[in-house]
Amino acid sequence: MLTARYCKLILQPGSSPLNQRFSNYSSSPLTDTPVSFGVIILCAVVYFTGFQPAGLALWPLESGFFAPWQLLTYGILHGNFNHLFFNMFAVWMFGTPLERSWGTRRYLSYFAVCVAGAAVAQLGVQLFEGGIYPTIGASGGVFGLLLAYGVMWPNNRIFLLFFPVPVPAKWFVLIYGGIELLLGFSRAMPGIAHFAHLGGMVFGALLLYRWGWRPGMTWRR
């Protein structure tokens with residue numbers, strides 16, 4: 001097991017809007033949303049087989065262990081079952097409706113940019129902070145998916161796991177982004193790559209902007 005910085009996203013699916021979308025599709029999820037379920041299956045296989053080579057984790061630039069492929073491969077490694085479960089649950093919750101709406105190719109490019117963008121942010125933070133430790137987990141990509149979901153369906157309601165009050169997706173994005181920013185600067189939860197999560201959101205927002213979305217508008221493909 002790698003000793004690394006990671007995070008989990010704690011949530012529950014909302015009631016009607018998202019679940020109704022799933023009822024409109026009769027094809028198999030594996031053919032309907034191959035990227036989302038491919039990510040879930042790959043991460044689960046890697047975790048449960050114990051195949052977690054250190055060379056796939058994201059290492060700092062000055063460590064001597066960094067390699068370019070780590071900008072993506074670190075996302076398939078997870079530190080414990082909760083880390084894996086909550087990230088993959090979020091991929092299912094936010095990723096599958098995005099993949100159905102955008103199509104597989106655009107969704108794949110977006111998710112990859114968010115994962116790599118989170119890695120770039122983390123490398124920058126490590127250059128500033130110092131310290132040689134690997135980073136693992138798909139949380140940066142998940143936060144990018146959360147942002148896109150909030151842009152696409154801002155009024156869909158989401159339930160926090162330990163706060164069972166429905167929250168519109170647009171506010172959920174702002175709440176989680178604000179929490180990550182606060183925790184990142186306060187260092188209240190060391191060992192978690194908060195700025196990597198924010199990096200996934202920022203790079204996701206930049207790509208959405210490149211695709212035509214602007215703040216204040218509900219974006220559609």
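So the sequence shown is numbered by our numbering: it starts at 1 and just counts up by one. Cβ atoms here follow ideal geometry from the backbone N, Cα and C, with glycine treated the same way. Quick caveat: nothing in here was measured; it's all calculated off a predicted structure.
Check                                                                                                             : Outcome
Whether I158 touches A169 by CB criterion (7 Å)                                                                   : yes
Cβ contact (3+ pairs, closer than 8 Å) linking the segment 126-144 and the segment 51-69                          : yes
L145 beta carbon less than 7 Å from that of G103                                                                  : no
Distance between L123 and M93 (C-alpha atoms, nearest Å)                                                          : 28 Å
Pick from N156, V167, Y176 that is closest to G140, judged by C-alpha positions                                   : Y176
Residues sharing a beta bridge with G115, DSSP                                                                    : Here the sequence assigns Val to residue 115, which means Gly is not the residue at that position. DSSP output for V115 lists no bridge partner at all.
Residue nearest to F222 in terms of C-alpha spacing, selected from G184, V39, G150, V120                          : Limits of the chain in this structure are 1 at one end and 221 at the other, which puts residue 222 out of reach.
Boundaries (first-last residue) of the alpha helix (DSSP H) holding S101                                          : 96-102
Environment of Y6 [buried if 16+ CB atoms lie within 10 Å]                                                        : With a pLDDT of 45 at Y6, under the threshold of 50, the predicted position of this residue should be treated as unreliable, and no value is reported.
C-beta atoms of C114 and G212 nearer than 7 Å                                                                     : no
Local Cβ density within 10 Å of T31, reported as buried at 16 or more and exposed below that                      : exposed
Nonlocal neighbours in the same chain, by C-beta distance under 8 Å from V202, ignoring five residues either side : G117, A121
Classification of P97 by the beta-carbon crowding that lies within 10 angstroms, buried from 16 upward            : buried
G200 versus Q52: straight-line alpha-carbon distance, rounded                                                     : 23 Å
Check whether I41 and L77 have beta carbons under 7 Å apart                                                       : no
Proximal residues to L198 (C-beta, below 6 Å), its chain only, five neighbours per side dropped                   : E180
Any alpha helix (DSSP H) of 4 or more consecutive residues that is wholly inside the segment 37-112               : 70-73, 81-90, 96-102
R210 - DSSP class collapsed to helix/strand/coil                                                                  : helix
Inter-residue Cα distance where the pair is G75 and V165                                                          : 30 Å
DSSP state of T33 mapped onto helix, strand, coil                                                                 : coil
For I179, three-class secondary structure by DSSP                                                                 : helix
Where S270 falls, given that 16 or more other Cβ within 10 Å makes a residue buried                               : No statement about residue 270 is possible, as the shown extent of the chain runs from 1 to 221 and does not include it.
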